[in-house]
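K.L.:
There are 2 protein chains.
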Amino acid sequence: MNNFFNAHHSPIGAFASFTLGFPGAKGGIGQELGKPANQNIYIGLQDIAKNEFTALPFFQPTQNKLADFANFDDKPYDDSKYLKSYNKQDIERQYQMATDTWRIDELSFSIISPVESIEDPAQASESELKEVLLPAVFVELTVDNTNSQHQRMAFFGYEGNDPYSAMRFLQDSNSELIGIAQGNGTAIVSCDSNHQSELSTQIVTASGLSIEHILFSTSPEANQFSIGTTKAFLLTVPAGVTQTFRFAVCFHRSGVVTSGLASQYFYNRYFTTIEAVASYAKQHHLALINKWKKSDSLVDNIQLSDDQRFMLIHATRSYYGSTQLLDIQHKPLWVVNEGEYRMMNTLDLTADHLFFELKMNPWVVKNVLEMFIERYSYEDEIHNGDGNKYTGGLSFCHDMGVANVFAKPQHSAYEVYGNKGLFSHMTCEQLVNWICCASTYTFKIQDFDWAEKQLNIFEACLNSLVNRDNPLASARDGVMSFNSCRTIEEITTYDSLDASLGQACRNIYLASKTWAAYILMHRLFLQLGKYSLADSAIKQADLLANTLYSSINEQGFIAAVLDGSNQSKIIPVIEGLVFPYFSGILHEVEQRPSTKALINALTKHFNVVINNGCLFENGGWKLSSTSENSWLSKIYLSQFIARKILKIDLASNTALADSIHVAWLTDEELSYWAWSDQIVAGKISASKYYPRGVTAWLWLEE
Amino acid sequence: MNNFFNAHHSPIGAFASFTLGFPGAKGGIGQELGKPANQNIYIGLQDIAKNEFTALPFFQPTQNKLADFANFDDKPYDDSKYLKSYNKQDIERQYQMATDTWRIDELSFSIISPVESIEDPAQASESELKEVLLPAVFVELTVDNTNSQHQRMAFFGYEGNDPYSAMRFLQDSNSELIGIAQGNGTAIVSCDSNHQSELSTQIVTASGLSIEHILFSTSPEANQFSIGTTKAFLLTVPAGVTQTFRFAVCFHRSGVVTSGLASQYFYNRYFTTIEAVASYAKQHHLALINKWKKSDSLVDNIQLSDDQRFMLIHATRSYYGSTQLLDIQHKPLWVVNEGEYRMMNTLDLTADHLFFELKMNPWVVKNVLEMFIERYSYEDEIHNGDGNKYTGGLSFCHDMGVANVFAKPQHSAYEVYGNKGLFSHMTCEQLVNWICCASTYTFKIQDFDWAEKQLNIFEACLNSLVNRDNPLASARDGVMSFNSCRTIEEITTYDSLDASLGQACRNIYLASKTWAAYILMHRLFLQLGKYSLADSAIKQADLLANTLYSSINEQGFIAAVLDGSNQSKIIPVIEGLVFPYFSGILHEVEQRPSTKALINALTKHFNVVINNGCLFENGGWKLSSTSENSWLSKIYLSQFIARKILKIDLASNTALADSIHVAWLTDEELSYWAWSDQIVAGKISASKYYPRGVTAWLWLEE
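Chains as they are written, first to last, in my numbering: chain A, 83 to 784; chain B, 83 to 784.
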């Protein structure tokens, strides 16, 4: 396996990442980006003979930069001296949930990031929130100098690339700190140095036009060149000892960061400047590092294959790097940014993040769903293309905006009016997603008080969903047949696949989730004593289940689109099952004949399609037999459903498939994008740097 | 002359520019940059047959972007349709002080920017400051559709490239506005549109993945695609009429923008959001456009050659684009950023901006000089290389920081300890600059109260300057002979030239300004009744004048360095004369025999060097006979001194030289950099996008 893939190392809710792992200037300390920051990161060590310096391969050689200055008389460096890179094959990497470590010879470098629950700000104490929202990750750099009779110098630094502000030293603005920073946005602070500590004499900061200017500098004074765009710690390790240096990599944005709807980062309540972040991180670093490292065991101690463990860790990191806890008029809003696209709280992703979030931070599910009600819901009319319009009802927008710009009320960034295909509306899909998320939240957390408050919304959702089947009651079969008048033809979350998954109308993937929505609403309305609504819901569930299972064809599968226009085999028709399962109600509802028949049909369907068209030649999963585009987040989800709910023995299939999926993610070129979702013919192609893979957390339920 | 050069179009003190003029995606709406924003700017018109669209050539063809989406089924555009560019040779440009206009066929596009005085915030009214500090420039787009029998569409838009925030519509956050924006930083607002106006129906905003998606869109709905990175106004011009549309291009940064010392933009006192900027600009646009346009006559009505007028306008624009009025703990700080380098208030530039600033905003001179006293002054020891140290005294840092990061107290961003050559200290140069600026301010504004308050500073400056001649009184000859112990060898502002101008010690350029410092302090101390100090100063002035004029050699010039190490001929030895002249005291002091002799010697020197080594072959000015590197700001200054103070008839020389200097600035490739200073062998090479050329304002005194 290629070990030189990028990974996020992120605080929680800061939309920030110290991304590292891919060779070259391809990682970096980034905020609010849909990609790695592409900065030079310098982590290295002087050789034992003290003649040269070697670093982990996370930088671009600076040859050209030196040449820029070659025409001046007084060169502060020797042209022949360059920072060398360790051989990649000699570097060991241990990639864990909280700790990511590179080891080579006498050097070890770890980044430690949090995997923790955020308490609901409505109930949590200030100190709890302050700790979990600290916008920083920690670094441990260890040098084993026991075999050397001389002191040696290690180094750790970066060349920032924010277009607006220069690199600087933290001590220039706060004498309690020693650190390097860019503007007010990113910083690395030494956690060890303080005026009382002996170690502090071993830690100095340096600045130069390049890392070579710093490392081969003729004097400490020359290393204080403020204009230098590279800044680094120089760390003296005495002869004969092993020494660990600790740092916090800090992030900060103050003031209003969003448009359309003004908000700040929630952490500004506790940290008004990056210096405040650095001070807190420094003060609490040992306790936090110890605590955070414990999250390694979240997956290490569980029966997962190495491939599964890798993907789960990798996906979780990309999720955290996309999270943003905002403060809007003194109320929190949880935002998951959509990877490279940076759409905010895409609702079809929310439905996949649900299982992870209900485990870690249930309140964020409620928080996001409420924002969808308040600002990103709408009522529409519907049509079936014959020129007539009918009452539709309530639905929800695809997202809340893009790249720190909130969309206007009742609109998403993604959806275009009057469209079909890519950038069309996902009205029915998002209605179903909202119902599934809200119901699953209610059952899982047993928060029926909240559901009671949303009763009118649930009722409106039911009516809307029923209308989209057919305005004429007698013509209903449970499955969506009418499109929103906002658009010509609705699409599903699978927007860039072919019609087998991309078309909403009569699609069996969407039908499966629609069935889940009805089943969940049925149980919910019963619970809330709304028997007539419960009755309407279960009637639709039965109709729909019947439509689905009776559509199974002679080859034993259900064609992707029920209008006969498409005969593709697709895996995601099983997706709907996960919501009642996770809600804890499946064991009850599966006693119901229509459910039993549906599950039987889906089991049969799955067994047929997985062996006839839904695998790539090498064994990787193919969500649709007619598309080369397969999505890992959904593969993870369907793997879980097939194994755990349909009780299909996938042991032989999964071991091979997972190894292929890992190979997709660790591609030598495309693993620049950390965890990514859309894989076309084995190559990461879209939905890069993406949060959605936390569906893999369902594996921990198996 | 190549008319496709970039020019700044900037508000005052917002460190912002709508840079435009160079072909391609090479201009743009930028803030806090040391270069153009490199954005696509779309300004164009539908053809009369309504089949195609043509624009001014300020964009990069978007072919690749369209290809990105070619694999989707539903293309919102026709692949064969591209935005065309007008032929460059058909475009006329009228480049004025406040108004920059491009005309082609039926289209005319003007940007109007302010050239105004800022009242001292200590005295000015809120409404005065609000108006002059408005972070916006105006645009007039006129379409002559009198020859068409159909309505036609014009367009104006941009593709922003801020890494952190998306493009958006202003109306989504403020229903009183119609506009396009990127995040909270930049925006274009329509000044015409309001709900009462008929014109508003002709003005719509559109958004798409490319300008072609917008222009060739099949429906208005498709043009509301929020994810689109290109946003534009679509402007309907009725058949048979000429219509002018007006816009404001707005800038804004809220919150803390600097590090090291926290500050906000001063305009935040009046405009807390970009919507507030847009609203004010819209409300007052007609009055402001009319008022600002009057500044065109500042140079149009004066006896300057076209070449002089061009350079004066060009330099003034680059100056304004570099200006930044900050608010630090409720006190203003004027910052001029150093072009591409972005150093803040480089003191050797302040000494060249002085004449312009004393005309426009005298208080900013005082403001900057006080900050140098408070935070960026230091006391040093001095040496002459023999290992001994002597008392030096007060001096000032080279600058106050770089790229929005304030340097720590008593330090500049530029100066490195223990250095020589580039990035060494400019201790004596900056001491002399502070004295010349502070004295000239005092005399020009007759603000002797202020000088009285700074008396101890002036006294410390005098002592420090005398010490740098020689700690031993009997060995003094007026000229600097000792270097600061902060460095090995001091340099001058001419850091990247050879020793003829770059070396500080015994340099006749610095000697000339040192003489000015003594002469000015003499008069100032007399005025303040400090006769003993005045006496010390004039003694040094006489010594120095004597040293200089007696160094004239057989060929009739003074060799650049008085230690015999360098025989170069340099022009800038005449620079010192400008300060007593501009202070209005030269007519008195030139009665003094030593001054008279000095002026005679410098006149002789100038006449020799200008004809023997200080011209390029083509007639451009060469500041030093031994360097190919010549600086336009300093050429402008010396031209003025030679003509006005030395009374040398340069008519035949200047006409040719100015045309060469204009050719340097309008180079087909390098004019990307707007006004730039360092020209090596006729090519813009460094100090690009630079503020320093406002020395040309001295020409208005001739």
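The beta carbon of each residue, even a glycine, is placed where N, CA and C say it ideally should be.
I need the straight-line Cα distance from isoleucine 601/A to asparagine 515/A, nearest angstrom please.
P.N.:
13 Å
K.L.:
If you follow the beta strand (DSSP E) that proline 414/B is part of, which residue opens it and which one closes it?
P.N.:
413-418
K.L.:
Does leucine 115/B get closer than 8 Å to chain A when you measure Cβ to Cβ?
P.N.:
yes
K.L.:
So is histidine 412/A buried or exposed if we call it buried at 16+ other beta carbons inside 10 Å?
P.N.:
exposed
K.L.:
May I have the straight-line CA-CA distance separating leucine 52/B from glycine 421/B, to the nearest angstrom?
P.N.:
The question about residue 52/B has no answer here: the residues shown for chain B are numbered 83 through 784.
K.L.:
Could I get the ranges of all uninterrupted alpha helix (DSSP H) runs contained in the stretch 406-483 of chain B, with 4 residues as the minimum, in chain order?
P.N.:
429-442, 444-456
K.L.:
Looking at C-beta atoms only, is the number of pairs between the stretch 694-704 of chain B and the stretch 726-733 of chain B that lie closer than 8 Å three or more?
P.N.:
no
K.L.:
Going by CA-CA distance only, name the one from Met562/A, Leu476/A, Tyr496/A that's closest to alanine 542/A.
P.N.:
Comparing Cα positions, the closest option is Leu476/A.
K.L.:
Under 8 Å between C-beta atoms, does glutamate 303/A make it to chain B?
P.N.:
yes
K.L.:
Does the separation of the CB atoms of glutamate 572/B and serine 506/B fall below 8 Å?
P.N.:
Yes.
K.L.:
I want to see whether chain A comes within less than 8 Å of glutamine 512/B, judged by CB atoms only; does it?
P.N.:
no
K.L.:
Just how far apart, CA to CA, sit tyrosine 401/B and aspartate 759/A?
P.N.:
49 Å
K.L.:
In the stretch 243-255 of chain A, which residues sit with their C-beta less than 7 Å from some C-beta in chain B, listed in chain order?
P.N.:
Pro245, Tyr246, Ser247, Ala248, Arg250, Asp254, Ser255
K.L.:
So which residues of chain B does glutamine 306/A contact, with C-beta pairs closer than 9 Å?
P.N.:
His493, Val498, Tyr499
K.L.:
Going by beta carbon distance, what residues of the same chain come within less than 6 Å of serine 767/A, once the five residues before and after it are set aside?
P.N.:
Gln760
K.L.:
If you draw a straight line from the C-alpha of alanine 96/A to the C-alpha of glutamine 406/A, how long is it?
P.N.:
5 Å
K.L.:
With a cut-off of 8 Å, does the C-beta of phenylalanine 154/A fall near any C-beta of chain B?
P.N.:
Confidence in phenylalanine 154/A is poor, its pLDDT being 43 and thus under 50, which makes the residue's placement unreliable; the coordinate value appears in the next sentence. Closer than 8 Å to some Cβ of chain B, the Cβ of phenylalanine 154/A qualifies, so yes.
K.L.:
Alanine 485/B versus chain A: which residues are under 7 Å apart at the beta carbon?
P.N.:
Ser247, Ala248
K.L.:
Thinking lysine 726/A and glutamate 784/A are a contact (beta carbons under 8 Å), I'd like their distance in whole angstroms, please.
P.N.:
5 Å
K.L.:
Using a 10 Å radius around the Cβ and a threshold of 16 neighbouring Cβ atoms, would you call methionine 179/A buried or exposed?
P.N.:
buried
K.L.:
Exposed or buried, isoleucine 620/A, counting other C-beta atoms within 10 Å across all chains shown (16 or more means buried)?
P.N.:
buried
K.L.:
Can you give me the C-alpha to C-alpha distance between methionine 603/A and methionine 425/A, rounded to a whole angstrom?
P.N.:
29 Å
K.L.:
Along the chain, where does the beta strand (DSSP E) that runs through glycine 658/B open and close?
P.N.:
Per DSSP, glycine 658/B belongs to no beta strand (DSSP E) and is neither H nor E.
K.L.:
Return the bridge partner residues of tyrosine 240/B from the DSSP annotation.
P.N.:
Partner residues in the beta bridge of tyrosine 240/B, as assigned by DSSP, are Ile123/B, Lys313/B.
K.L.:
Would you mind stating whether histidine 91/B and arginine 391/B have Cβ atoms separated by less than 8 Å?
P.N.:
no
K.L.:
Who are the near neighbours of tyrosine 771/A in its chain, counting only those whose CB is closer than 7 Å to its CB and skipping five residues on each side?
P.N.:
Gly116, Lys117, Ser400, Gly421, Glu422, Trp755, Ala756, Ser758
K.L.:
State the DSSP-derived secondary structure class of asparagine 711/B, mapped to helix, strand or coil.
P.N.:
strand
K.L.:
Can you give me, in chain order, the residues of the stretch 365-388 of chain A that have a beta carbon less than 7 Å from any beta carbon in chain B?
P.N.:
Taking 7 Å as the cut-off between beta carbons, none of the residues of the stretch 365-388 of chain A comes near chain B.
K.L.:
Do phenylalanine 237/B and alanine 314/B have their beta-carbon atoms positioned less than 8 Å apart in this structure?
P.N.:
yes
K.L.:
For tyrosine 496/A, count neighbouring C-beta atoms within 10 Å of its own C-beta (all shown protein chains included) and say buried if the count is 16 or more, exposed if not.
P.N.:
Result: buried.
K.L.:
Counting Cβ pairs closer than 8 Å, one from the stretch 345-353 of chain A and one from the stretch 318-328 of chain A, do we hit at least three?
P.N.:
The stretch 345-353 of chain A is not in contact with the stretch 318-328 of chain A.
K.L.:
Name the residues in the stretch 319-346 of chain A whose C-beta lies less than 9 Å from a C-beta of chain B; which are they?
P.N.:
Only those residues of the stretch 319-346 of chain A whose C-beta falls short of 9 Å from the nearest C-beta of chain B are listed: Arg335, Ser336, Gly337, Val338, Val339, Thr340, Ser341, Gly342, Leu343, Ala344.
K.L.:
Could you check whether serine 199/A and valine 219/A sit closer than 8 Å to each other, using their CB atoms as the reference points?
P.N.:
no
K.L.:
What number of angstroms, rounded off, separates the C-alpha of alanine 89/B from the C-alpha of alanine 745/B?
P.N.:
15 Å
K.L.:
Taking the beta strand (DSSP E) that leucine 115/A falls in, what are its first and last residues?
P.N.:
Run containing leucine 115/A: none; DSSP gives neither H nor E here.
K.L.:
Would you check if there are 3 or more beta carbon pairs closer than 8 Å linking the stretch 438-453 of chain A to the stretch 511-529 of chain A?
P.N.:
yes
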